[in-house]
Structure formats: C-alpha cells, structure tokens
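Protein chains in written order, with this note's numbering: chain A, 1 to 309; chain B, 310 to 1067. Only one structure is covered here, and it is reproduced in the block below.
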Amino acid sequence: MARFEYLEAHTVRQALSMYRRHAPNVRYVAGSTDFLIRSRMGNWNPEYVVNIQHIPALQRTSFSRRNGLRLGALTTVQTLQDHESVQTHYPALAAAAASFAGVQVRNLATVGGNICNASPAGDTLPALLAFNAQCLSTGPEQGEQRSTALDEFFTGPGRTVLEPGELLTEIRLPRPEPNTGSLYIKHSPRGAMDIATVGVASAVTLAADRRTCKDVRIGLGAVAPTPIRAYAAEGILRGNEITPESLAACAEEARNTASPIDDVRGSAVYRKEIVGVLTLRTLERAVEMARDGTMAFETQRRLAVQAAF
Amino acid sequence: MTTEHNVLGRSLPRVDALDKVTGRATYAADVYLPDMLMCKVLTSPRSHARIVSMDTSKAEQVPGVRAVITGNDFPDRYFGSGAVRDRRIMARDEVFYIGEPVAAVAADDEVTAQEALELVEVEYEDLETIVDPLEAIREGSTLVHPDMPNFEGYGFAMGGNNCTLLDADRGDVDQAFRDANQVFEETYHSQAINQGFLEPMACAANVEANGRLTVWASTQGPYQVRAQLASVLDIPLSSIKVNAMELGGGFGAKLRLAFEAFPALLAMKTGRPVKLINTREEVFTLNGPRLATTIHLKTGVTSDGQITAREAHSVFDVGAYLGAGPNAGVGHALGAYDIPNFRLRSYGVYTNKIYVGSYRASGVADMHFAVESHMDSIAHQIGLDPLEFRLKNVVKEGDANVSGASVPANGLLETIEAVKEKMSLPRKSEEGRGIGISLGEWRSGSGPSTASISVNEDGTVSLLTGSVDISGSDTSLAQIAAETLGVELDQVIVAKRDTDMAPFTGPSGGSRIVYSQGKAVQMAAEDARDRLVGLAAERFGVPSEALSCEGGRVYVQDNPPQSLTLSQLAAASLTSRSGPIIGMAALSSMPYAPVFNTQAAEVIVDKATGQVRVTRFVQAQDVGVAINPMGVEGQLEGGAVQGIGRALSEEMQIDPETGRVRNPSLSTYLMPLAIDMPAIENILVGVPSADGPFGARAVAEPPGFGPPAAIANAIYDAVGIRIKELPLSADRVLAALQGQDGDEYHIDVEALKKAETG
Ligand SMILES: Cc1cc2nc3c(=O)[nH]c(=O)nc-3n(C[C@H](O)[C@H](O)[C@H](O)COP(=O)(O)OP(=O)(O)OC[C@H]3O[C@@H](n4cnc5c(N)ncnc54)[C@H](O)[C@@H]3O)c2cc1C
Chain A
1 MARFEYLEAH
11 TVRQALSMYR
21 RHAPNVRYVA
31 GSTDFLIRSR
41 MGNWNPEYVV
51 NIQHIPALQR
61 TSFSRRNGLR
71 LGALTTVQTL
81 QDHESVQTHY
91 PALAAAAASF
101 AGVQVRNLAT
111 VGGNICNASP
121 AGDTLPALLA
131 FNAQCLSTGP
141 EQGEQRSTAL
151 DEFFTGPGRT
161 VLEPGELLTE
171 IRLPRPEPNT
181 GSLYIKHSPR
191 GAMDIATVGV
201 ASAVTLAADR
211 RTCKDVRIGL
221 GAVAPTPIRA
231 YAAEGILRGN
241 EITPESLAAC
251 AEEARNTASP
261 IDDVRGSAVY
271 RKEIVGVLTL
281 RTLERAVEMA
291 RDGTMAFETQ
301 RRLAVQAAF
Chain B
310 MTTEHNVLGR
320 SLPRVDALDK
330 VTGRATYAAD
340 VYLPDMLMCK
350 VLTSPRSHAR
360 IVSMDTSKAE
370 QVPGVRAVIT
380 GNDFPDRYFG
390 SGAVRDRRIM
400 ARDEVFYIGE
410 PVAAVAADDE
420 VTAQEALELV
430 EVEYEDLETI
440 VDPLEAIREG
450 STLVHPDMPN
460 FEGYGFAMGG
470 NNCTLLDADR
480 GDVDQAFRDA
490 NQVFEETYHS
500 QAINQGFLEP
510 MACAANVEAN
520 GRLTVWASTQ
530 GPYQVRAQLA
540 SVLDIPLSSI
550 KVNAMELGGG
560 FGAKLRLAFE
570 AFPALLAMKT
580 GRPVKLINTR
590 EEVFTLNGPR
600 LATTIHLKTG
610 VTSDGQITAR
620 EAHSVFDVGA
630 YLGAGPNAGV
640 GHALGAYDIP
650 NFRLRSYGVY
660 TNKIYVGSYR
670 ASGVADMHFA
680 VESHMDSIAH
690 QIGLDPLEFR
700 LKNVVKEGDA
710 NVSGASVPAN
720 GLLETIEAVK
730 EKMSLPRKSE
740 EGRGIGISLG
750 EWRSGSGPST
760 ASISVNEDGT
770 VSLLTGSVDI
780 SGSDTSLAQI
790 AAETLGVELD
800 QVIVAKRDTD
810 MAPFTGPSGG
820 SRIVYSQGKA
830 VQMAAEDARD
840 RLVGLAAERF
850 GVPSEALSCE
860 GGRVYVQDNP
870 PQSLTLSQLA
880 AASLTSRSGP
890 IIGMAALSSM
900 PYAPVFNTQA
910 AEVIVDKATG
920 QVRVTRFVQA
930 QDVGVAINPM
940 GVEGQLEGGA
950 VQGIGRALSE
960 EMQIDPETGR
970 VRNPSLSTYL
980 MPLAIDMPAI
990 ENILVGVPSA
1000 DGPFGARAVA
1010 EPPGFGPPAA
1020 IANAIYDAVG
1030 IRIKELPLSA
1040 DRVLAALQGQ
1050 DGDEYHIDVE
1060 ALKKAETG
C-alpha cells in the first residue's frame, strides 16, 4: 500500500477546495470499499485522499410521491436495502442492495461510490438505470452544478463523465408510476459476497387494462463495458400486450444487446446465455408484482440471489 | 455412546475454546519481540527464466532497511518437500514459476520492506515454458528440469517431466477385460484448489544469546520444519528450536518448511528478530496448493454386475517442484470395492507453475471423484440401482485390500444402511431434483507418536505431546488421558509444545493424531496409572490387581474407603523409591484400520442457468468410537463443507500460457458461504477398531472427499447429464444440458503403457 496524505472534508465546498489545492493527484473516498482494495493492489496511488464521508449534505435520503426518491451520494447500500420507501416503490433497487456483498460491506459502501466506480458489474446500477436515475454533480472550479442521466454517465469500465475533481452529490429517481413492478436478479456462484456474473433489473408498468405494457425499462449489468439499458428489447414490449411470447421475444432481444467478455467470473458465451434467462425472469416477476401489488421483501431478496428457483 | 466411561464419549467443550473465542490464543503473527523487523518476499514475474543478474544495492540504501537476501546468501543446497530433492529454498540462477521467491528484505516495517523490494533489480532471460501436464508428459515435450535424473531421491519414473510413478498390480487384468461382459472407460478431471485455511502463513525467527535459532511457526509439523530448516541453512538440527503456535487451519498446506528460512536467515544476518506474515494473495501464489489431476478409468463388469478388473492411469500436476506426495491416491482407484484384477498407475508431472502441496486427503480426493462417478455411470449403463451395484462389490471383512492386507471388521455396510434409511433410498425425485451417493475408504493415519504424562502434587495431570492441534485433537487427547487415569477433563493440562521440550512426533496430517498419537497418550496414561497403583499397593500392602484408579483416587476394590487420592500419591511419590510419577510411551506405526464413509447429496438443478444448489446432505461414517462426538461432528461437517466447495465453486484458475494464478483472492477464489450450505446431517457408526485408543478410528479426511462425486451423481439423477470435470459450475452444467460434449481432457493411455514396457 502506497503512502498518501489523508484529508477530511465536512462540506462540499471544503472537499472541492481541497481538490483544487492539491490537484491533480487527489482521490475522493466515501466508504473506501473500492479504494482500499485498489490502493493495496497498487492500481490507485493518489498523493492526497479526501474523505467525503462526513459531509452531512451528502447523507440525506428523502422520498415524496411528488418528487420521487432523492439519495445523497453517501447513502449506504444497507440503507437502500432497509429503506421502506425504496422497498415499496423501487423494489428492484432494494433487492439489488440485498444481493450486494455482505452486511459489513453494505454498511460502508455508498451508492455514490458504486456509481462513480463505474464497474460494469456494480449491483445497484441496473436498477438505477431501470428507474431512470439522474446524477447531480458539482464541479471543482465555480461549484457549478449539473444533472446527467445515469444512462449517459458511464463512458467505459471505471470511467464516467465526471471531470477531475467533480463531486457526485445526489441521485434522483423520478416518482413511481402506479401499476409498476420491478425486480433485480444477480447471477453469481455464491449466494453472498460475490460480484455479479450477470445482473438484470426490469421495471414494468401496466396500462389500466392490466394486460398491456405501458412502459418497461431493463438495465443489464456485467454484459458490456458499462451497465446498459436494453432499449431495443424494451421497444418490443412497450405498448404491446404481455404474453409469454412477447416476454420471451423481449428477453431474446436483451440477449442480443449484450456484448460480454471472458474473465475470471465467467465466459462470454455463458454470460450471453443467461442474460436472456434473467431478463425473462425479472420481467415475469415484475409483471406479477405490477398485477398483484407487493411481494414480500424476503421473497424478493431470495429471488435476487437465486436462493429460490 | 458407551456408558461405562466417565469422560470419554462425551461432547465436552474444547480445552482451548475460551482462549480462541476471546482472542487470547497466540498465533505466529501475534509474536512481538523487541526490535523486531518485518520481512517481505520478492517473487519471480517469469514462468521460466535464467537470472542474468541481480542488484540489491538500491534496496539496501532505503532508510529502515536492515538486510536484503537472495538465493546466493543461502548455502548451495537442494531440498525436497516430497520424495525428490528438486528445489532450492530461494531461486539462485533460474526461476521455474511465476511466484518463486528470488529475494527477501528485512526492514523496520512492512511498508518500507515492500518499497525496498520494488528497488531490487533482476534481469531475466526467458526460457521455454510448459504449463499443461497432459502435454508435459508426452515424449519430446519441453523439459522443466532437464537435470531431473540427477536429483537426489529421483527413482522409478519414466523421465522427461515425469518425476514420480506409483503402481499397484494384481491378477491378469487383460484377460479379465477379455472375459468381462462389458468394459467401461471414462476420463475424469479435478481442478487445482487452495486449502483455504483462515490464518495466512506467518513465522518469526530470532537468534538467541546462546547462538541458537528460535522459530515461531504456523505449522502442522514442527519437527519437519526443524529438520528442513537445518538442511537449507546447513546448520545442526540441534541448534534450532521450533515453537508450534496455535494454528488457524492447515489442511495439509502447513506440513512442511514454508518460508521460515527467510526470516531465519535475515535474523542471523541482522541479529534482530524478524517476522513474516503472508498476505492472502501470497497464500494463493507462494504456498503450494493442490493442482489438477486427470484420471482415466477402465472397468470390466460381468452380466450380473460383478466388477472383475480395473485399470487406472492418473496424471497429476506437480508444478515446478514435488512439494508433497507423491500422489497417495493410486491405491484408492479400487474405491471401497473388492476387485480381483487391477493395474493402477499414477504419474507426477513437472510443469512451470506453483509447486503442488498437500490438501486434506491429497490425491485420494481426486481419485474418489473419478471412481465414485464412474461407479454411478456404470450402474446406470447396466441398468442397476447405483446403491445395489455398489453393494454387490463392496469390500467385506477378510477380503484383501489393494496391498494384500486383510480387511478387518468395519462398519461400511452400516454406513450404507444408515444413509439409505435416512434418505429413503432408492427414491425417484421430480424432474430437476436428484439424489446422488458416494462412498469411500481412508486408512487411519499412522507414524511416529510419543507422549509423556506427569502427575502433579495437587493431583492434576500434565500431558505433553509434540503434536499440533489442527482439529480439536488436544481435547480428545486430554479426554483419553483423563479417562485412563480416572480424572475429570479439567484436571488435565495440555502443554503448549516446542521441539526442545516435547519428544519427536510425526506431523498432524493424514488423520493420525487421535488414532496414533491418541494410542501413545493412552499407553503413557496407563504407564502413569500403573505407577500410581504400584505405589498405592506398596502403601496398602495389597497386590496391584486388588486396586482401581478412578474418580481421582486409587482404592481397594473390596474396601473402597481404603484409598489414596492422586494428590496424596503424587506427593508421596516424590520421596518414594521409584520417584515422581511419570508415564511415557512411544510407537512408530499402527496397524491398518480402515475408515468408511457414505454420503448422499440432494440437489436442485436450475436448467435454464445450470446453477446447482445442494438442498440436503447426509453422511454416515464408521468412527470406531467417538472420543468427543461434538468434535467428531465438527470434523465431519467441516469436511463436507470443504468438499461441497470443491464440488461447486472452488477453482484456482491457472493461466494456460504462463502458469500464473489468475484469481489469488477470496473474492475470485470462491469458497462456499453459510448461505450456500444445506443442513448437514451426520450419523456416527461405531464399529470399534482393534488397536485405536478405546477403539477409535480416524475421522478427518473421509468427509471431505465424498461431496464432488455425490453431487455429480445427484446432477445425473436430476437431469441426466454426467459431468466429468470439477468444479460442477453453472456454465459447465448448462453447456452439458445443451448437449455439448464435456470431455475436455484426454490421457494417451496407450503411449503410457508403451513407455512402461520400453
Ligand atoms: C468485500 C467487498 C465486496 C463487494 N461486493 C460488491 C457487490 O456485491 N456488488 C457491488 O456492486 N460492489 C461490491 N463491492 C465494491 C464496492 O463495495 C462498491 O463499488 C461500493 O459501492 C463503493 O462505494 P464506496 O463508498 O465504498 O466507494 P469508495 O471506495 O470510497 O470510492 C469508489 C470510487 O468512487 C469515487 N467516489 C466515491 N464517491 C464519490 C462521489 N460522491 N463523487 C465522486 N467520486 C466518488 C472514489 O473517488 C473512487 O474512485 C465490494 C467491495 C468489497 C471490498
């Protein structure tokens, strides 16, 4: 592990000014669950580390039916799992959080860190994509703010649109639509403490007739250089009647969208094979939830880690 | 369990439980000495290369660095961890795998030592590399060690890269195959695996004022470390003391000299204590794991399902050095079956990758997966129930085992019956669900064992053995001593041992401690008891036979109130003719006592993703007599968990071009978690062994080797596919479900036979 200077910021302004003073070899850390590993492996060697964990403005989480969900960048993954409004209105996100690592890591890991780390396998990312998340960030120079759709946020593995020194401050999820169901399923050899071989989140909104798909959004993880939306697949279902055939056709198209690689966690061939399976399963469950209302969180959690099949 | 016993057969808490759960137990990494330095090791980034030059001067100049050593600082000697002396403790002029140590630094702290390592300049010249053992065994292949025939200890093998060859033969195999109604041939492959112990290797070394070297080691074999360290440092064995510290798991990985020589030499150079603690990555890249094995089996069967002949050829990857073994699995190619004719061969092959080490039931675990999958496969092909086919062929009392010894009384059939009943077999499950069984044999471990027992003036008993506790064995040994001497468990003090204090004993491995060391403890306790009784007989003026030693006293059987407590006797002994009470015992080997284990796994297969989940796991083992049933169940359960991990998710991924370990981390080397485990149901069968202490048999290895075959067989039962390669990962299962040919490995048996006959 390399040596570095450690600084703690207590406001966003302070964090940004610490960055300016010591730029460019500065790294922000939140839960440090990615940072400590990369640093120990020698991949990240900043001269200065600015800990943003103690900035109260980034810790707030709120929900209203009008404005939807607002997650401060420091919201922990454990909070996502336990938050009643997340469980009720954004179940795929709560399920994703429940499938994430183990409780010790979830208590440290932040949603902002998961986004900024931009791993194609980041567990919260497919669900956040499926809920049309917006990322609010503040640049280091004038403190200028901007909002970026999560879908445009990732530029490659480990790369985002954030400029050097720019801080992600908040994630916004639009208000929940009625008659919506959603689920995340993560495939990994172990039932916990494992990175996704493939992760899929689907959110389905039914029309008043409860048969037609009013809207559908599908987020895919670990099958492309970044987490992606399966737009073409969504197009097959949106506005059409939900039938076993239409769901299967949608899942098949999601499979075609995937362009996975071989790595220590799985082969490209295998990933491609199961992304369709997981898409179909998330869609079926999402439709079920949209029709019948909520599903017990424990059931969702078990489905998310494939403890039940 | 037996009722006439007082301490034996009871699930008493471990004697070290409180120290361990409160964090008071001291491990090698917990050793802190004044002025202690920290050591880090530089390793080779090349698979096979000549070291052209090395320059440590920049590293030596780093403030805080106290010494840097390379291979040239060690005496010019080879040593061996297995049968062959093929290895230097630190590379001198050539490296043979990625990860081979080339230099070590002692500095004031670890970060400084690490920074200094990065300043060591090594120039390499690459040599040809061979990584695949099935290619390496072919004639004309690139050689890992061209000078192999000159290695001390190299004996009977084919040459080339083949460094060991084990064989076992009986009867006329070829004729038996011709006479058989059907002959089945299959090839199985088991993957490279890490032992997965929790405590990374650590050691500390210090040169004492009198010039002797003290080592604090995380080891299963302190006497082995002492001997090998003396050899590589070229100093007298008697100048070394090894403290065997508490052990956080070993599973065979800590049986021999590991890295103790680096801090030792650095301590000798600097005159200061030096400590080395492995990182988890180093656990995967520096210390010998179990490497892949490919096994070809051929079996002849009569029309009524009787096995007449078996042929086995197994090729096991040794890596750069024979770090263990040679492969113990060859005889286990018969499984737990009576097979009249056989030809069994096992070939160890050098390749350019990390050297092989031992792992719980080394070799046997690989062979067991092959044999028990093959048995299942044959049963289905000839239309017999897998259990029935096995029962037709199992060994029985009086049969000759693979080495010709007569199989003694045992509980094999009882273990099969117990599992059959618990699982309600035979039973047809619904589609996608299945049950598989496997059964196997282990031989209770033998080897030199010693014990000494002294009775203290307060009536307590001090037990001294040289054996390290890796499994709760200290508690079982103390129970044996307590039972024999008629005292309570808390009256027995188990001494922490070092090689100066305790008499020589074999390493803690191969399930030998309770069976062999326990026998020595029992004999030593009997010796002490005889002395106590003798002293009391003298005092009472009655013959020894008229006395009993029980409940902390020696009393006259016909008149129990006439008695002396152990405390009174011990005090009296100090001035008696024969002196203080001590009992001693030593033995070199123990008779053959088989241990049989039968297992059944119930699985669900997700046909769309290939994911396999074990929903129930039942096992029965003939343990002879359970000295401590809770400890025995702990071993059975732990073994099953390890075996399930080996079956489903564990695999050291080795780069096929370079031999590099691609997943040296617990986030990518996937050991199972509690969440992945079914409930494990254990049944203890008790057919006492003739010679073990109180009839005990070994326990630890058998539960670990059964799960891969049981689970593979359950997958077959569930979805009708036979997976012949480990692990039984989702992608492999899915590919097989989609009809892809899973036979990934081939052994050229004809070529091997030809090479043998010349
Ligand atoms: C044992 C273990 C298990 C894990 N399991 C999982 C898993 O199951 N699923 C999964 O998705 N991940 C997993 N991870 C990875 C990691 O926990 C997540 O990516 C986590 O969300 C990162 O959050 P953090 O707050 O710890 O980030 P940090 O490590 O603090 O930071 C990560 C990166 O993001 C940047 N960053 C953080 N916050 C901001 C911000 N507000 N603005 C700008 N940049 C920022 C940092 O500069 C850094 O580059 C695991 C990690 C470990 C150690």
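For each residue, glycine too, the CB sits at the ideal point set by N, CA and C. Quick caveat, the model's predicted, so the values are computed rather than measured.
Comparing alpha-carbon positions, the option among B:E430, B:V1042 and B:A445 lying closest to B:E437 turns out to be B:A445. If you check the CB distance, A:R238 and A:C213 come in under 7 Å.
Restricting attention to B:I1056, B:Y336, B:H314 and B:V970, the CA atom closest to the CA of B:K584 is found in B:Y336. Set against 6 Å, the gap from the CB of B:Y978 to the closest heavy atom of ligand 1 is not smaller. Between B:V996 and B:N719, the C-beta spacing is below 7 Å. Secondary structure of B:L436 (DSSP, three-state): coil.
Between B:R955 and B:P1017, the beta carbon gap of about 6 Å places them in contact (Cβ cut-off 8 Å).
In the structure shown, B:I822 adopts helical secondary structure according to DSSP, grouped into three states. Nearest in C-alpha terms to B:P973, of all of B:L522, B:Y406 and B:F593, is B:F593.
Cα atoms of A:L168 and B:S733: separation of roughly 59 Å, rounded to the nearest angstrom. Note that the C-beta distance between A:T197 and A:R265 is below 7 Å.
For B:R699, the enclosing alpha helix (DSSP H) stretches over residues P695 to N702. Contact annotation for A:I195 against chain B: S976 and T977 [CB-CB distance below 9 Å, chain order].
For A:G191, the shortest separation between its Cβ and any heavy atom of ligand 1 does not lie below 6 Å. Contact annotation for B:A988 against chain A: no contact, minimum CB-CB distance about 15 Å [criterion: below 7 Å]. For A:S119, no Cβ of chain B is located within less than 7 Å of the residue's own Cβ.
For B:A513, the enclosing beta strand (DSSP E) covers residues A511 to V516. For ligand 1, a non-hydrogen atom lies closer than 6 Å to the CB of A:C116. Nearest Cα to B:T759 within the set B:Q831, B:D778, B:Q504 and B:E697: B:Q831.
Distance check between A:S259 and each of A:E273, A:A249, A:S246 and A:P24 places A:E273 closest, using alpha-carbon atoms only. For the options B:T528, B:E620 and B:A553, the alpha carbon positioned closest to that of B:V1058 is the one of B:E620. A contact is defined here as three or more CB-CB pairs under 8 Å, and the region 134-150 of chain A meets this definition with respect to the region 10-27 of chain A. Closest by C-alpha distance to A:V77, out of A:Q306, A:R38, A:S99 and A:L220, is A:S99. Between ligand 1 and the CB of A:F153, the shortest heavy atom gap is not smaller than 6 Å. Here DSSP, grouped into helix, strand and coil, assigns B:G1029 to coil.
For the options B:Q866, B:S785, B:V624 and B:C858, the alpha carbon positioned closest to that of B:I604 is the one of B:V624.
Per DSSP, A:F35 is one residue of the alpha helix (DSSP H) stretching across F35 to R40.
Neighbours of A:A192 in chain B, taken as residues whose beta carbon is under 9 Å from its own, are L982, A983, I984 and D985 in chain order. Below the 8 Å Cβ cutoff, chain B contributes no neighbours of A:V105, its closest Cβ being approximately 11 Å away. Where B:S872 is concerned, the enclosing beta strand (DSSP E) starts and stops at N868 to T874. The beta-bridge partner set that DSSP reports for B:M893 consists of B:S761. For A:E273, the neighbours in chain B by C-beta distance under 7 Å run, in chain order, L1043. One thing to note: B:Q537 has its Cβ within 7 Å of the Cβ of B:L566. One alpha carbon belongs to B:N587, the other to B:M510, and they sit about 5 Å apart. With contacts defined by Cβ atoms closer than 7 Å, B:L878 and B:L844 form a contacting pair.
Within the same chain, Cβ atoms closer than 6 Å to the Cβ of B:D418 are found at M347, the five residues on either side in sequence being excluded.
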